[in-house]
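Enquirer: Following this message is one structure expressed as C-alpha cells.
Chains as they are written, first to last, in the working numbering: chain A, 1 to 491; chain B, 1 to 63.
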C-alpha cells in the first residue's frame, strides 16, 4: 500500500513538471522560426481589406484607433473601415461622426439597436454587411483600442500571396502610457505568450489562437468557416482560429506585424478579462474534444505535442497542485526522496525560468527595456527564492544539515512544508493579492504583494477560477474590458 | 441586407480601385528586415543555450 502511495506521489511530482517542460520545449522551437517561416512564400500582395471595429461605449479609445488606421501604408482605396456601433450609450456615435467628417469616404457606420451581447454578435453584424457584396477580399477583425503601426497591414496581407493561408494575426503589444507595474507585467507576458510562443507554433504547424485584436481572414476562409463568428463560447478568436485550420487553411502569426493595445490596469479588471478567456478556452476544449491528440493527415494541428501544450496551459493549476501534493506526500511517506524530488522539480523550473526570461529579453529588446524587472519578477520573488533553495540545495528554514524528520510539527517542519507546497500555495497567495486589490488596497501595497507572489501565479489562480467556474457551470456572461485610451503608438 | 436590429449604413465610401503597390525595393527591404530579425532571434537562442550550458557545467564542477 505504502509503495503504491509513494509511486503515486512520484507520479504527481512528474506531472507537476509537465507545464514547465512543455513551455520549455515550446521555447526551444522559437529560434527555428529563423529557418522555417512563411516569408519566402510572401509577395507584395494587397487584397481589398475591410476592417471591422466593434464599438460598445468606446468613445475614449475610438478616435485614436481610427487615426492610427489613417496613417497605414496600404494602397488608397484598398481598405475600408466598418465601425459597428453596438448600441453605445456614451458619446461613441459623436466621436464616430467627427471622424467620418474628418476622413470622408473611408468609414462605414453600422449600428445595432440592441447591444451588449458580446463581441462575436457585433462582429457578425459587420461580417453580414461586408459579405453581402463582393468588394472585400479580406476581413480584418480588430478591437476598438488597437493601434496599427504603419506597415502592419502590409506585413499581414503579404502572406495571402500563398493561397493555403486562411488567416494571419499580428503581435499585440501592451502600449499604455504611462505604464504601470501591471501593464509592464502584461507587456512581458505578451513577449512570452505571443512573440515567443506563436513563433514556435508557426514552426510546429498550427496555432491555437489568432489574437482577436488583429485577426486578418481571407474572404474564402471566412466563408469556409461559416461566414460568421461562433457565439457559443467566450473565446471567439480561438474558435475561429481552430476552425480555420480544421477547414484546411493555415493560420499564421507574423511577429513583425505589430499592433498596440491597452490592457487592464487593475487586478480586478485583469481577473475579469482573463477569467473570460480561461473559461472560453475550456469551452473550446469541449467544443473540439474530437481534435485533441488526433492529428489530421494534412496538418500537425491537433497532434500529441499540441495537445500536451494545450492541456498543460489550460490545466496548469491542476498540475501545480499535484506537484505540491506529490512532494508533501513523499516527505511523509519516503523522507529521503523528498529533498531530491524537490531539488529536481524546482531546479528544472529555475533553468526554464532563466532560459525563457533571458531569451524573451532578446526576442523583443524594446519590451525588455520597458519591462526587464517585471520579466525577472514574473514568477514572483518568493518563487525565485524557492528555486534558489532548490538549486543550492539549502536546507530551508533549518539550521541543521538535514531536513527535519516528518511528524514532529516543529517550525522547521512547517517551513519545509511551506516550501514543498509552494507551487500550490503561490496560487492561493495570488488569489489573496487579487482579493486585497479588489478590497480597495492602495496600489503600492498591491504592487509589493504582486512582485513577491508573482504575476505567473496570478495567471495560474485565474485559470483555477476558470476551471472551478466551468465545473460549477456558474453564470456565463460576456463582459467587456473597459479601456481608457492610454495606449500610444511608439514615436 | 440589414438585420432587424440595425439601421442602414450612414455613409458609403467612394469606390476606388487600388493602384499603388509598394515599390519593389521597399517591399524587398521589408522582407529582408523581417527575415534578418528572425535569424537574429535564432542566433540569440543558440547564444543563450551556450551560456546556460556553461552555467550548468560550472554548477556540476563546483558541486
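Think of the CB as a built atom: it goes at the ideal place given N, C-alpha and C, for glycine as much as any other residue.
(1) Between the region 61–91 of chain A and chain B, which residues of the former have a C-beta closer than 8 Å to a C-beta of the latter?
(2) What beta strand (DSSP E) runs, 3 residues minimum, are completely inside the region 203–247 of chain A?
(3) Who are residue 174/A's beta bridge partners in DSSP?
(4) Could you pull out every unbroken beta strand (DSSP E) segment of at least 3 residues lying fully inside the region 100–132 of chain A, listed in chain order?
(5) Does the region 44–64 of chain A come close enough to the region 348–355 of chain A to have 3 or more Cβ pairs within less than 8 Å?
(6) Can you tell me whether residue 17/A is helix, strand or coil according to DSSP?
(7) Could you give the first and the last residue of the continuous alpha helix (DSSP H) run that contains residue 361/A?
(8) Would the region 454–466 of chain A and the region 25–36 of chain A be scored as touching if the rule is three or more Cβ pairs under 8 Å?
(9) Just the C-alpha distance for residue 163/A and residue 221/A, rounded to the nearest angstrom, thanks.
(10) List the residues of chain B that residue 256/A touches, going by C-beta distances under 7 Å, in chain order.
(11) Identify, in the order they occur along the chain, each residue of the same chain with its Cβ nearer than 8 Å to the Cβ of residue 333/A, setting aside the five sequence neighbours on each side.
(12) Is the CB-CB distance between residue 469/A and residue 267/A below 8 Å?
(13) Specify, as a first and last residue, the run of the beta strand (DSSP E) that residue 55/A falls within.
(14) I want to verify the contact list: residues of chain A whose CB lies under 9 Å from the CB of residue 46/B, in sequence order.
(15) Along the chain, where does the beta strand (DSSP E) containing residue 140/A start, and where does it finish?
(16) When the Cβ atoms of the region 192–202 of chain A are set against those of the region 150–167 of chain A, are three or more pairs found closer than 8 Å?
(17) Any C-beta of chain B sitting closer than 8 Å to the C-beta of residue 151/A?
(18) Given a threshold of 16 other Cβ atoms within 10 Å of its Cβ, counted over all protein chains shown, does residue 59/B qualify as buried or as exposed?
(19) So residue 245/A and residue 301/A are in contact, right, with Cβ under 8 Å, and what is the actual spacing, rounded?
(20) Distance cutoff 8 Å, beta carbons only. Does residue 355/A sit that close to anything in chain B?
(21) Taking buried to mean at least 16 other C-beta atoms within 10 Å of its own C-beta, is residue 1/B buried or exposed?
(22) Among residues of its own chain, excluding the 5 on either side of residue 472/A, which ones have a beta-carbon nearer than 7 Å to its beta-carbon?
(23) With H, G and I counted as helix, E and B as strand and the rest as coil, what does DSSP make of residue 187/A?
(24) Name the chain A residues that come within less than 9 Å of residue 42/B, Cβ to Cβ?
(25) Could you give the distance in angstroms between the alpha-carbon of residue 161/A and the alpha-carbon of residue 219/A?
(26) Label residue 102/A either buried or exposed according to how many other C-beta atoms from any shown protein chain fall within 10 Å of its C-beta, with 16 as the threshold for buried.
(27) Quick one, are the C-beta atoms of residue 48/B and residue 21/A less than 8 Å apart?
(28) Rounded to whole angstroms, what is the Cα-Cα separation between residue 151/A and residue 63/A?
(29) Starting from residue 67/A, trace the alpha helix (DSSP H) in both directions and tell me its first and last residue.
(30) Using a Cβ-Cβ distance under 8 Å, would residue 198/A count as near chain B?
(31) Please list, in chain order, the residues of the region 153–174 of chain A that have any C-beta partner in chain B closer than 9 Å.
(32) Candidates 347/A, 374/A, 370/A and 113/A: which alpha carbon is nearest residue 386/A's?
(33) Answer yes or no: does any C-beta atom of chain B fall closer than 8 Å to that of residue 130/A?
(34) Can we say the region 80–87 of chain A touches the region 114–127 of chain A, given the rule of at least three CB pairs closer than 8 Å?
(35) Sort 127/A, 23/A, 445/A and 90/A by Cα distance to residue 108/A and report the nearest one.
(36) Find the residues of chain A that neighbour residue 27/B, judging by a C-beta separation of less than 7 Å, and give them in chain order.
Expert: This is what the structure holds:
(1) Hits within the stretch, in order: 73, 75, 76, 77, 78 and 80.
(2) Segments of the beta strand (DSSP E) lying fully in the region 203–247 of chain A: 214–218.
(3) Its beta-bridge partners are 261/A.
(4) Runs found: 107–112.
(5) Contact between the region 44–64 of chain A and the region 348–355 of chain A is absent, with fewer than three C-beta pairs closer than 8 Å.
(6) Three-state DSSP puts residue 17/A in coil, outside helix and strand.
(7) 337–363 is the extent of the alpha helix (DSSP H) around residue 361/A.
(8) In the pairwise beta carbon analysis, the region 454–466 of chain A is classified as not touching the region 25–36 of chain A: fewer than three pairs are separated by under 8 Å.
(9) Approximately 10 Å, taken between the alpha carbons.
(10) Close to residue 256/A, with beta-carbon spacing below 7 Å, are these residues of chain B in chain order: 34 and 37.
(11) Setting aside the 5 residues that flank it on each side, residue 333/A is surrounded in the same chain by 2, 5, 6 and 9, each with a C-beta closer than 8 Å to its C-beta; the list follows chain order.
(12) 8 Å or more divides the Cβ of residue 469/A from the Cβ of residue 267/A.
(13) Taken as a continuous stretch (DSSP letters only), the beta strand (DSSP E) holding residue 55/A covers 49–55.
(14) Within 9 Å Cβ-Cβ: 31.
(15) Its beta strand (DSSP E) spans residues 138–142.
(16) No: the two stretches stay apart, fewer than three of their Cβ pairs being nearer than 8 Å.
(17) Closer than 8 Å: yes.
(18) It is exposed - the Cβ of residue 59/B has fewer than 16 other Cβ atoms within 10 Å.
(19) Indeed, because the Cβ distance is near 5 Å, the residues count as touching under 8 Å.
(20) Taking Cβ atoms only, chain B reaches closer than 8 Å to residue 355/A, which makes this a yes.
(21) Low local confidence applies: a pLDDT of 35 at residue 1/B is under 50, so the model's placement there is unreliable, with the coordinate-based value given in what follows. A residue is called buried when at least 16 other Cβ atoms come within 10 angstroms of its Cβ; residue 1/B does not meet this threshold and is exposed.
(22) Non-local C-beta neighbours of residue 472/A in its own chain, meaning closer than 7 Å and more than five positions away in sequence, are absent.
(23) Shown here, residue 187/A sits in a helix according to DSSP, grouped into three states.
(24) Chain A residues near residue 42/B: 30, 31, 32, 33, 34 and 35.
(25) Approximately 13 Å between the Cα atoms of the pair.
(26) Residue environment: residue 102/A is assigned as exposed (fewer than 16 neighbouring CB atoms within 10 Å of its CB, all protein chains considered).
(27) In this structure, residue 21/A does not lie closer than 8 Å to residue 48/B by Cβ.
(28) So the two alpha carbons sit approximately 20 Å from each other.
(29) Bounds of the alpha helix (DSSP H) holding residue 67/A are 59–70.
(30) The beta carbon of residue 198/A does not come within 8 Å of any beta carbon belonging to chain B, so the residue lies off that interface.
(31) Taking 9 Å as the Cβ-Cβ cut-off against chain B, the residues of the region 153–174 of chain A that qualify are 154, 155 and 158.
(32) Closest option to residue 386/A, Cα to Cα, is 347/A.
(33) At a cut-off of 8 Å between C-beta atoms, residue 130/A does not count as an interface residue with respect to chain B.
(34) The way I'd put it, the region 80–87 of chain A does touch the region 114–127 of chain A; three or more beta-carbon pairs between them come closer than 8 Å.
(35) Of 127/A, 23/A, 445/A and 90/A, the residue nearest in Cα terms is 127/A.
(36) The answer, in chain order, is 44.
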